[in-house]
Amino acid sequence: MDFVPDIEVAKNCVRLDKFSPYSPAYVITNEDLRQSMRLVPENCNRALVTAASGDHPLWCSLYGAKHVDTFDISYNAKCIMDIKTAALKCMGHIAYIDLLKNLRLCQNVQHVPDMEYISKMIPKIEWEYMCSMAGSQIFSNGIIIKDDNSHLVDDREYKKLQKIVKGRYNFIMSDIANLSGHLTGTYDFIHLSNILDYRHTISDRLYTIFPLLKHVKVGGRIVCYNLVGMNWEEMHPTEYFEELVEELNEDAQSLKKAGLNGLFEIKKQNIAKAKKMCDSDFKNFNYTKSGCTVVFERLR
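For the sequence shown, the tail end lands on 300 under my numbering, and the numbers increase by one without skipping.
Structure below.
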């Protein structure tokens, strides 16, 4: 069933400090997608990326993905993404950049030049929602647009996108925890943006990735952009979980000796979960980290 926005709820949920179906969307990504999307494999038939600011699917298409699915927890991400794909059909590069400048931090899309044309090319329900949200910054933050901004597509890249992007991207409205349940088949490339920056332990990050492993083809990749500089273990995930089992076992014995049976049972559950990860699909993946980019590549 398609998501139907609730305006009354939405007006109380447009907050930068909390993720919700109405979290503000960036107008321009703060990620170096020009770099990380180079990891799109050759002959990439299917890709899955965050909708985010709408830039992820565009860059993914630009680097060769034939079909791109998108997902996001926020309906505003779908709105900005659909605005961008509509703009490709009706305006040149300079007008596109001006549109983005005007959308950033705007509080009423009806006051943004050229949105009158864009509104005719996006779903009616989205336009009505955006108009009803006047007074709220549904598009906020992201990179401040400058003439030399490498995060933006240049004129040549924009013209290429106009040729290869035929319509709106398929959108799955889901948070990362429930995403796997919405997916069918496998992908050559999955880009999770910096979602894992919001998982504050290595275990939580790996547990988050685990349900997606079965959706990656042999030779395919999961790419995570690590913006905040959290330290990942410099080892393969299965090695990490083997060490984690040992640590958890020691903790569990200490809890048992102290008579803390409730905490001991919780620790036993965590041990079982970590043991499962030791023998999981992670063994079929090569794990690498370079700068801000973490890559899981399926070997078999």
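Built from N, CA and C at the ideal position, the CB exists for glycine as well.
For residue i, does the three-state DSSP call read helix, strand or coil?
i: Cys278; result: helix
i: Gly220; result: strand
i: Ala25; result: strand
i: Tyr169; result: coil
i: Asp72; result: strand
i: Phe139; result: strand
i: Asn270; result: helix
i: Ala51; result: coil
i: Phe19; result: coil
i: Asn149; result: coil
i: Phe264; result: helix
i: Cys106; result: coil
i: Ser180; result: helix
i: Ile83; result: helix
Which partner residues of residue i appear in the DSSP bridge assignment?
i: Thr288; result: Val295
i: His67; result: Arg46
i: Tyr225; result: Thr293
Considering only their Cβ atoms, is the gap separating residue j from residue i smaller than 9 Å?
i: Asp188; j: Pro41; result: yes
i: Thr85; j: Gly167; result: yes
i: Pro123; j: Asp72; result: no
i: Ala177; j: Thr208; result: yes
i: Val109; j: Ala134; result: yes
i: Cys79; j: Phe139; result: yes
i: Ala52; j: Thr29; result: yes
i: Arg300; j: Val218; result: yes
i: Met115; j: Lys89; result: no
i: His182; j: Asp55; result: no
i: Leu196; j: Val294; result: yes
i: Ser61; j: Tyr22; result: no
i: Pro24; j: Asn76; result: yes
What residue does the alpha helix (DSSP H) around residue i start on, and which one ends it?
i: His191; result: From DSSP, His191 is part of no alpha helix (DSSP H) but of the beta strand (DSSP E) over Tyr187 to His191.
i: Lys124; result: Lys124 to Ser132
i: Pro57; result: Asp55 to Leu62
i: Asn102; result: His93 to Leu103
i: Thr238; result: Pro237 to Lys257
i: Met115; result: Met115 to Ile118
i: Ser36; result: Leu33 to Ser36
i: Lys160; result: Asp155 to Ile164
i: Thr208; result: Ile202 to Ile209
i: Ala10; result: Ile7 to Lys11
If we define contact as Cβ-Cβ less than 9 Å, is residue i a contact residue for chain B?
i: Ala51; result: Considering every chain present, this structure includes no chain B. It has just one protein chain.
Original post:
Does the region 150-168 come close enough to the region 263-282 to have 3 or more Cβ pairs within less than 8 Å?
Top reply: no
Original post:
Is there contact between the region 209-229 and the region 245-254, where contact requires at least three CB pairs shorter than 8 Å?
Top reply: No: the two stretches stay apart, fewer than three of their Cβ pairs being nearer than 8 Å.
Original post:
Between the region 126-133 and the region 191-205, do at least 3 Cβ pairs fall closer than 8 Å?
Top reply: No contact exists between the region 126-133 and the region 191-205.
Subject >> Cβ contact (3+ pairs, closer than 8 Å) linking the region 3-13 and the region 257-266 >> reply: They do not touch, by the three-pair rule.
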